[in-house]
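Take the sequence shown: its letters are residues 739 to 1499, numbered as in the working numbering.
Where is the CB? At the ideal position from N, CA and C, for every residue including glycine.
No experiment lies behind these values; they were computed from the predicted model shown.
Okay, so here's the structure we're looking at.
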Amino acid sequence: MQINVDKKITLDKNGVEVFFAEIVSDCDQKVLVTLEGIDDAVCYNCKGKSFLGEDFIKYVQLKKGEAKRFWFSVEKNGTGEIVVKSDKGEKLASQEIEVTYSDRICQDPYADINTLSRIKWLNSDLAINNEIPKPFTKVLYNERTVEILGRKIKLNALGLPASIESFFNQGLKLSEKPTEILQSDFTFCIDSECFENQKFDTALSEDKIIINAVSESENFILDIKAKYEFDGFCEYVISLTAKTDIEKDVCLNIPIKESISKYFVGLGQIGGKFNKSVDWKWNVEFNQDSFWTGDVNAGLKVKLKGENYVKPFVNIYYKHQKLNMPESWGNDGKGGIKYQDNIFKAYSGKKKFIKGQSVRFDFDLMITPMKEIDLKKQFNMRFYHKLFDSKIWFDMAKKGGANIINVHHGNDLNPYINYPFFETEELKKFIKKSHDNDIKVKVYYTIRELTIHLPEFKVFRDLEHEIFNKRNVYDIFYWQEESDKWVKENVGEDVIPAWKQDLKGDKYKDSFDSAIITDGQSRICNFYIEGLRYLLNNVGADGIYVDDVAFDRNTMKRVRKILDQKEGRLIDFHTCNHHLDHMAKNNCVTLYTELFPYIDKVWIGEGFDYDNSTPEFWLVEMSGIPFGVMSEMMDTANQYRGLLFGMTNRYGWQTNKSDPINIWKIFDKYDLDKAELIGWWDERNSVKLSNDFIKASEYVVGDKKYVALANFSNEDQITNFSVLGAKGYLVPELNRFQDAIKIADKITIKGGCGLFVEVIS
């Protein structure tokens, strides 16, 4: 075995030096490579921290006669030894190296991206802690009762929910009046088996309560481990162990009150009124494993999982990593979910159990809403967002009254997707100029794909397919066929091609960016989190813009904690319609529910039909309101319907035929940022209408009341109109919105249009 490496390494004081060794084996074998004798030295191919902060070691496969690069970092001087061991612990080879200090002192080891020092970020556990981000509060627990912000859960002896209460009103504000979600206990049923609790242990920390309840029946041992967190996320890991060989049907009964299940989304159904019908079976061709049902102020998302769960890919990339059908709930296609007798029943179908064998029937819950909505924040976050032409962004934002500029990728300030570190000096200048004019700047930065131009690309490639997923599917839909072809020819056929972008601007014109898919459950999350801290603290960004994500709530929690180290930092989240055929028929609000507690604004984008969707669809799938977050619309959308939910389109976006400046002026003229929104869905709403095609939301500002009306049909509609306690109505002239008209108790609203009415009391 040969180890080819520079034996003398020079390190700047306070710096990080990265180098590699090429190892050639005389046979096929797995090896573990370490650098011993120097403190804090790391071989990244073999040692790391997972995205959850768990330490791991990894044996690397060597092929006879082929050179393999192993990457190292050192931060201290000394004499060390690169050691290669077999998977049986046998020492196969070693090589001494010497690390000496230069006469230079490093001020910022990560300033020069070409040094590769940032690979140290791969093993970071930054922000993996028990801290609780705002506005959430610590978890309280007493006598099988869990209390978190705005919600209370009582558990039965088996550890399952017996009661779930929401303390939000339908305006998404905290209330002392509880709303019960359940009509009775959750039950875990196996035919006539009767379980008796044997053990009930708890472990409480500020951010979570962990419960372990063990129960037994005649034929089974039921071990339930439940974790309830501060944001309303609840994870159930259920191990069912058979005492004898037996065949049984396992069922989880979820008895949500009929009065609460007003709306439904998931399991192949788009969001809207719940039609009291669910008859769904597992099929991994579709990215479906969960549903949400409830009212605006009280609901529950349920997600079924098995021990073999791996987070699927999102967007058009789903077929590259599909759902694993759970051995338990899926049961080779026999399992499913149905709605029967006002109960949601998750069932396995007849399943054979072997004595002593444990089978995992896991599920997650998310109790909604997660937090209050904030109209002041919503109406004062005014984005300017344009793909290209970065030279005009500042002037256009200032001219239009925007106070936040989103820096997309593909331009001179941020050329390469999800690596916003090439033009940090220019970005700093732009941010300072914006800050001097009271404009914040957020930067496009997400995990899903990653530019091939990043300096660390060769390092990530040498980590096998830990960072860049291996391609297993070739016959698949792509946004851009040319990206697929180019990546195959220039990077390799073993990776998954993603976005390809022609770059615009002075410096990067006539060039392009190409990206490949990354694994959102890998060390790339650690790299991303450290990159975020650097972007915020060293470049001065005020937050990030996220465009569909491959990471889960664990990484999003870390993101929020880093953002919250300074007041006023923001994250807005863009997604397209995942219910389209080539996106595996999922729903965005069920796909990303667990991320919503940490997001300041959602931007609902491509594939959503603003012209022909029902108001209930708008509420459930586009507004964000039932989950405690508010939204914006893409393209020109519909300003009248949007106003019912506090939504505008986004200033500057290239597919817009109009901008939201006129709506911003309505917000300012009538102080709507100080209002309470009493939506058309709210039982407190005092507007009376006689036409179901027309909906009305109220904005109450002190003793003043304003009503936004919208016609959800594309034809003119007539309705009776009255507001409780009103003495009259005024429809003012509003630029690009409406002409001044007189109205009485009957009004006509044009198809797809609406009105903004001042109520005289």
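Straight-line Cα distance separating residue j from residue i
i	j	result
residue 788	residue 884	30 Å
residue 1016	residue 999	12 Å
residue 1135	residue 1434	32 Å
residue 754	residue 1164	25 Å
residue 1415	residue 1374	23 Å
residue 1046	residue 1064	6 Å
residue 1118	residue 1411	7 Å
residue 1187	residue 1324	20 Å
residue 919	residue 1038	8 Å
residue 1417	residue 1355	14 Å
residue 946	residue 880	13 Å
residue 1025	residue 1067	15 Å
residue 741	residue 1267	33 Å
residue 1156	residue 1184	6 Å
residue 866	residue 793	13 Å
residue 798	residue 1072	39 Å
Nearest candidate by alpha-carbon position, reference residue i, set the options
i	options	result
residue 1007	996, 997 and 1019	1019
residue 869	1301, 1358 and 1035	1301
residue 1085	1126, 840 and 1027	1027
residue 1365	814, 948, 771 and 1112	1112
residue 1279	935, 1320, 1263 and 1305	1305
residue 1293	1270, 1274 and 1426	1270
residue 1230	1209, 1243, 1245 and 1247	1209
residue 1070	1088, 1115, 1080 and 1267	1088
residue 935	817, 1119, 962 and 946	962
residue 1081	995, 1345 and 1055	995
residue 1406	849, 1249 and 1120	1120
residue 1091	981, 1137 and 1048	981
residue 1143	1010, 1390, 1262 and 1115	1390
residue 815	807, 793 and 839	839
residue 1074	1094, 1132 and 1041	1041
residue 974	1463, 928, 1131 and 1043	1043
residue 941	958, 966, 956 and 930	966
residue 1489	1479, 1470, 1475 and 1449	1449
residue 948	882, 930, 991 and 989	882
residue 925	1083, 1259, 1050 and 1095	1083
Contact set for residue i: own chain, Cβ-Cβ below 7 Å, skip 5 residues either direction
i	result
residue 1380	1371 and 1386
residue 1298	871 and 1336
residue 1035	904, 906, 907, 908, 910, 917 and 1107
residue 854	756, 1193, 1194 and 1197
residue 1109	873, 887, 1335 and 1366
Local conformation of residue i per DSSP, three classes
i	result
residue 1236	strand
residue 1367	coil
residue 758	strand
residue 1023	coil
residue 879	strand
residue 1165	helix
residue 1419	coil
residue 849	coil
Residue burial classification, residue i (beta-carbon count within 10 angstroms, cutoff 16)
i	result
residue 795	exposed
residue 1453	exposed
residue 1147	buried
residue 1211	exposed
residue 801	exposed
residue 764	exposed
residue 1357	buried
residue 1316	buried
residue 1032	buried
residue 1473	exposed
residue 1114	exposed
residue 1116	buried
residue 1284	buried
residue 805	exposed
residue 1175	exposed
Own chain partners of residue i with C-beta closer than 6 Å, once the 5 adjacent residues on each side are dropped
i	result
residue 1313	1286 and 1326
residue 1331	1039 and 1104
residue 1426	1460
residue 851	1159 and 1193
residue 1397	1389
Nonlocal neighbours in the same chain, by C-beta distance under 8 Å from residue i, ignoring five residues either side
i	result
residue 819	773, 774, 775, 832, 833, 834 and 835
residue 846	1276
residue 1178	1141, 1142, 1143, 1172, 1280, 1281, 1306 and 1308
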